[in-house]
Amino acid sequence: MLKKTLIVLSSLLGIFFMFIFSVIIISGSSNDENLANTKPEDIAYLEKPASGRGKILAVVTSTGEIGNTGMETGYELTELSRAYYVFHTNGFEVDIASPNGGRPPVVIDEDDIGKYDYAFMNDIAAQKKVNNSIPLNEVIPGEYKAVYFVGGKGAMYDFPNNSSIQKIIREYNKEGKVISAICHGPSAFVNVMLSDGTPFIANKNVSAFTNNEELFLIPNAKEVFPFLLQDKLTEQGALFEEGSLYLEHLSQSGSVLTGQNPWSIWPLADAIVKELGYSPRKRAKTPEEHSIDILLTLDAEGLDEAKALTLEAIEISPQAIKKQLITTHALIATLNMEFKKMGQLIYLLFFAAAAT
36 MLKKTLIVLS SLLGIFFMFI FSVIIISGSS NDENLANTKP EDIAYLEKPA
86 SGRGKILAVV TSTGEIGNTG METGYELTEL SRAYYVFHTN GFEVDIASPN
136 GGRPPVVIDE DDIGKYDYAF MNDIAAQKKV NNSIPLNEVI PGEYKAVYFV
186 GGKGAMYDFP NNSSIQKIIR EYNKEGKVIS AICHGPSAFV NVMLSDGTPF
236 IANKNVSAFT NNEELFLIPN AKEVFPFLLQ DKLTEQGALF EEGSLYLEHL
286 SQSGSVLTGQ NPWSIWPLAD AIVKELGYSP RKRAKTPEEH SIDILLTLDA
336 EGLDEAKALT LEAIEISPQA IKKQLITTHA LIATLNMEFK KMGQLIYLLF
386 FAAAAT
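At position 26 of the sequence shown (counting the first as 1) the number is 61 in the working numbering, and the numbers step up by one without a gap.
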């Protein structure tokens, strides 16, 4: 009993001190007040896009509520906006479809969005497409070179068993076209059966939002969702690949490409362009990407290497690191009682603050 009490107290103290440190550090940095006014023409990466390389279909959910919980959901803005611009600037026209068509519900997390996401929200052409999404039963699969299933918890309800989605996947699988998905997007693969009766996903390497990630955010996920995505994909024969908690991880089996979570969007979108036969246009990394690199390096190589990467990022710009993201991972480590990792992350935050 005493041991358990000490563990709980240590955890609470860790959370408390981490919170205090985080407030001090994050309050010392300020976001660009004009970020919300960003337009596509303000971003160098989007200047003079290539053209004439065909079309990609992005599919988003039409579901706006998690079960009967009253919790709002929809497609994740970042998972559409960032991929949209990677495809667009690399020469692909992007159409947006949803099960019901029209204006789909969207999840906008102000803590996660950056300049590309604001640019998307201020992009008249992009907003016209997303607000008038094509009903899936009106999509002509042959018009597209690839399909990209956007995540968002709503996809867990209206992607599985959708006959139009199943038709697209079966046709693209037969033709060797690119089939891709991010986060909860791979729920589109659930119950897709090929002509020989085998599940489409069987024996394919796949990444998706993991059980650990789901249950960490929603402890009663098993009750509110029809299934846990990792469990269902594994049950249907997928070779599920689980990366680190809330860090980027990609999987590929031939022309089937998947990403584990929202932090996997950029590399997944580039991988899709590459799979379509083109070299992805180079792009300056976002502060979120630099932070993810630092977190991955800490896990794989240790604190010294993470410090070195932190300095490299700061040399590019004092604002090159998203400290809030590192703080979030420090909180996750604390809640998981990984106190050594928590201490390393807090140290990195102070190290970054001192270096700037």
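All C-beta atoms, glycine included, are put in the ideal place defined by N, C-alpha and C.
Asked: Between the region 330-348 and the region 150-157, do at least 3 Cβ pairs fall closer than 8 Å?; Found: no
Asked: By the three-class DSSP mapping on this structure, what secondary structure does Gly378 have?; Found: helix
Asked: Please state whether DSSP places Met228 in a helix, a strand or coil.; Found: strand
Asked: Can you tell me whether Phe184 is buried or exposed, with buried defined as 16 or more other CB within 10 angstroms of its CB?; Found: buried
Asked: Which of the three DSSP states is assigned to Pro234 in this structure?; Found: strand
Asked: Starting from the C-beta of Thr113, find all residues in its chain whose C-beta is less than 7 Å away, skip the five residues before and the five after it, and write them out in chain order.; Found: Asp147, Ile148, Asp152, Pro297, Ile300
Asked: To the nearest angstrom, how far is it from the Cα of Leu282 to the Cα of Ser116?; Found: 19 Å
Asked: By how many angstroms is the C-alpha of Gln354 removed from the C-alpha of Gln379?; Found: 21 Å
Asked: Less than 9 Å between the beta carbons of Glu276 and Val241, yes or no?; Found: yes
Asked: I'd like to know whether the C-beta atoms of Val129 and Tyr110 end up nearer to each other than 9 Å.; Found: no
Asked: Whose C-beta lies closer than 6 Å to the C-beta of Ser62 among residues of the same chain, with five residues either side of it excluded?; Found: In this prediction, Ser62 scores a pLDDT of 42, lower than 50, which makes its location untrustworthy; no coordinate-derived value is stated.
Asked: Along the alpha helix (DSSP H) that carries Ala160, what are the first and last residues, could you check?; Found: 159-166
Asked: Can you have a look at Ala237 and say buried or exposed, based on whether 16 or more other CB atoms are within 10 angstroms of its CB?; Found: exposed
Asked: Taking Glu248 as the reference, which of Leu268, Ser230, Thr269, Cys218 has the closest Cα?; Found: Cys218
Asked: Quick check on DSSP: helix, strand or coil for Gly99?; Found: coil
Asked: I need the DSSP call for Ile78, collapsed to helix, strand or coil.; Found: coil
Asked: Does the contact criterion of 3 or more C-beta pairs under 8 Å hold for the region 172-181 versus the region 197-212?; Found: yes
Asked: In this structure, what does DSSP give as the bridge partners for Gly294?; Found: Ile217, Leu285
Asked: Would you kindly work out how many angstroms separate the C-alpha atoms of Lys417 and Phe224, rounded to a whole number?; Found: Since the displayed the chain opens at 36 and closes at 391, residue 417 lies outside it and no answer follows.
Asked: Here's the rule I'm using: 16 or more other beta-carbon atoms within 10 Å means buried, otherwise exposed. How should Asn125 be labelled?; Found: buried
Asked: Give every residue of the same chain whose Cβ lies closer than 8 Å to the Cβ of Asn66, excluding the five residues on either side of it in the sequence, and list them in chain order.; Found: Note that Asn66 has pLDDT 47, beneath the 50 cutoff, so the model's placement of it is unreliable and the number below is only indicative. Counting only Cβ-Cβ distances below 8 Å, and skipping sequence neighbours, we find nothing.
Asked: What residues match up with Ile148 in a beta bridge as DSSP calls it?; Found: DSSP output for Ile148 lists no bridge partner at all.
Asked: Might you give, ordered along the chain, the residues of its own chain that have their beta carbon closer than 6 Å to the beta carbon of Gly278, omitting 5 neighbours on each side?; Found: His284, Gln295
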